[in-house]
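Enquirer: Structure below; questions to follow.
In structure tokens, the structure reads:
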């Protein structure tokens with residue numbers, strides 16, 4: 042009985058590690074694709090998303106929390122993604 046339980050836990054652990062590796066690989070692929078899309082957008086002069094002006098204004102007014110809320114609403118980002126997006130406006134002057 043104990044061996045069966047240990048075997049099941051081991052298999053479960055291995056599956057979790059494999060899924061984690063796959064997610065990490067997908068995340069790095071996604072980042073490369075996003076970088077490529079950003080470069081293409083700059084080359085063909087794709088206009089900036091209008092919500093960025095609102096976010097930029099909120100950041101300048103010191104309303105970072107409100108900017109994060111607007112970002113989440115506009116793009117459907119998680120809290121962490123929205124915070125990173127807004128932080129880019131603070132550090133780089135916008136996306």
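Numbering (the numbering used here), first residue to last: 42 to 136. Every residue gets a Cβ at the ideal spot worked out from N, C-alpha and C, and that includes glycine.
For a test of the three-state rule: what should DSSP assign to residue 119, helix, strand or coil?
Expert: Residue state, collapsed to three classes: coil.
Enquirer: In this structure, how does DSSP classify residue 104 when only helix, strand and coil are distinguished?
Expert: DSSP places residue 104 in coil when its eight states are reduced to three.
Enquirer: With 16 as the cutoff for other CB atoms within 10 Å, does residue 123 come out buried or exposed?
Expert: Residue 123 comes out buried.
Enquirer: Closest to residue 131 by CA distance: which of 98, 51, 113 and 78 is it?
Expert: Closest option to residue 131, Cα to Cα, is 98.
Enquirer: What does the Cβ neighbour count give for residue 155, buried or exposed, with the cut at 16 atoms within 10 Å?
Expert: Within the shown structure, residues of the chain are numbered from 42 to 136, placing residue 155 beyond reach of any answer.
Enquirer: Rounded to whole angstroms, what's the CA-CA distance from residue 83 to residue 89? Just pull it up for me.
Expert: Rounded to the nearest angstrom, the two C-alpha atoms are 10 Å apart.
Enquirer: Quick one: Cα of residue 63 to Cα of residue 53, how far?
Expert: About 15 Å.
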